[in-house]
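Under our numbering, the first residue of the sequence shown is numbered 83, with each subsequent residue one higher. The structure under discussion appears below in the form of structure tokens.
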Amino acid sequence: MKDEYFEKGYIVRRGLIPAHLITELNQRFVDVAEGHVAPAENMQVVRNVEIAKGLVTPKTTAHGISKMNFIQADPVLRQFSNYGPLLDQVTELIGPDLISMNSMYLNKPPHVDGRHPLHQDLIYFPFRPADQIVGVWTALDRTTRENGCLVMIPESHKGEIHPHDYPDWEHKNHLFIGVKDVDPSGRVHLEMEPGDTAFFHSKIIHGSGFNRTEGMRRAIAVHFANSRCEDVWAGHHHKLDKYSPRDDYRLVRGEDPNDYVAIR
83 MKDEYFEKGY IVRRGLIPAH LITELNQRFV DVAEGHVAPA ENMQVVRNVE IAKGLVTPKT
143 TAHGISKMNF IQADPVLRQF SNYGPLLDQV TELIGPDLIS MNSMYLNKPP HVDGRHPLHQ
203 DLIYFPFRPA DQIVGVWTAL DRTTRENGCL VMIPESHKGE IHPHDYPDWE HKNHLFIGVK
263 DVDPSGRVHL EMEPGDTAFF HSKIIHGSGF NRTEGMRRAI AVHFANSRCE DVWAGHHHKL
323 DKYSPRDDYR LVRGEDPNDY VAIR
């Protein structure tokens, strides 16, 4: 597993997350989106840009939500980042001392531009080295090319960190920035069933496309860093701090020798 991961920059483990947990996660998304449960403190609920502007009317309130950020504050949604078999896989890749961060529930509504431009996650994180940060993305619906599955450019993690900027799109989401001047022709589409889980390097170039179906395309994601990493942003404010705030850090396994986060 580890050799394949560091060679390609990603791996997929089929059926890792069980059906009962997927059901709980999806129901919690609906409950929060529809107002039946209040968002946890510091959690962000983000509407799709076109829907927020009144250009498209969603089928339900939940259909209008594009993502929920910092979901580890929610006791149901944080079951994902605490799931033992998932942490076992992460431990094999980056070691036994794990901080979880940048947690998200991702929804790609139909009939809107829900693309996520090709990008590299490392730009959002203060920790180094890059090899000690891994992204984890689990399909909560069947994901296909038609509904905007995850795409990767294999081995792109072996290259540089590219300049990022907002894409030249009509309805861009200001939470999403992408790499500039990168050839996308080598990308691989990761079609996945519910519970299938991708593990990917912090420097790999990845993104997702349109949802051209009538249903939602839901996924859940979190990133992990080895808690022994160096914090290269320490002591000064960084413009990208807001995308990975300390409030979303959790020590989920092992020790925290640098005191990056209180044990919760």
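C-beta: ideal position from N, C-alpha, C; glycine also. In this text the structure is predicted, and so the values were computed from the model without any measurement.
Could you give the first and the last residue of the continuous beta strand (DSSP E) run that contains residue i?
| i | result |
| --- | --- |
| P100 | Counting along the chain, P100 falls outside any beta strand (DSSP E), and DSSP gives it neither H nor E. |
| F281 | T279 to H283 |
| N189 | L180 to K190 |
| S290 | H288 to S290 |
Where does residue i sit, in a helix, a strand or coil, going by DSSP?
| i | result |
| --- | --- |
| Y165 | coil |
| S238 | helix |
| P208 | coil |
| E302 | The question names Glu, but residue 302 in the sequence shown is Ile. The answer is strand: DSSP assigns I302 an E or B state. |
| D341 | coil |
| N108 | helix |
| D156 | coil |
| D313 | strand |
| H118 | coil |
| Q126 | strand |
| R332 | strand |
| L175 | helix |
| P140 | coil |
| D247 | strand |
Among residues of its own chain, excluding the 5 on either side of residue i, which ones have a beta-carbon nearer than 7 Å to its beta-carbon?
| i | result |
| --- | --- |
| D329 | N124 and F152 |
| A280 | Y92, V94, W219, L232 and L272 |
| P339 | S309 and R310 |
List the endpoints of the continuous alpha helix (DSSP H) containing residue i.
| i | result |
| --- | --- |
| V218 | Premise fails: V218 lies in the beta strand (DSSP E), I215 to A221, not in any alpha helix (DSSP H). |
| Y84 | Looking at the sequence itself, residue 84 is Lys, so the reference to Tyr does not match. It spans K84 to K90 - the alpha helix (DSSP H) in which K84 sits, taken as one unbroken run. |
| P133 | With the sequence shown as reference, residue 133 is identified as Ile, and Pro is not the correct amino acid for it. Taken as a continuous stretch (DSSP letters only), the alpha helix (DSSP H) holding I133 covers V131 to A134. |
Here's a check: name, in chain order, each residue in its chain whose Cβ is nearer than 8 Å to the Cβ of residue i, leaving out the five neighbours to either side.
| i | result |
| --- | --- |
| H178 | Residue 178 is actually Pro in this sequence, not His. Hits under 8 Å: R335 and G336. |
| F360 | As displayed, the chain neither begins before 83 nor continues past 346, which places residue 360 out of reach and without an answer. |
Classify residue i: buried if its beta carbon has 16 or more other beta carbons within 10 angstroms, exposed otherwise.
| i | result |
| --- | --- |
| V264 | buried |
| S238 | buried |
| I259 | buried |
| H198 | buried |
| M83 | exposed |
| H102 | exposed |
| Q202 | buried |
Skipping 5 residues on each side, what residues in its chain have a beta carbon closer than 6 Å to that of residue i?
| i | result |
| --- | --- |
| T143 | A115 and E116 |
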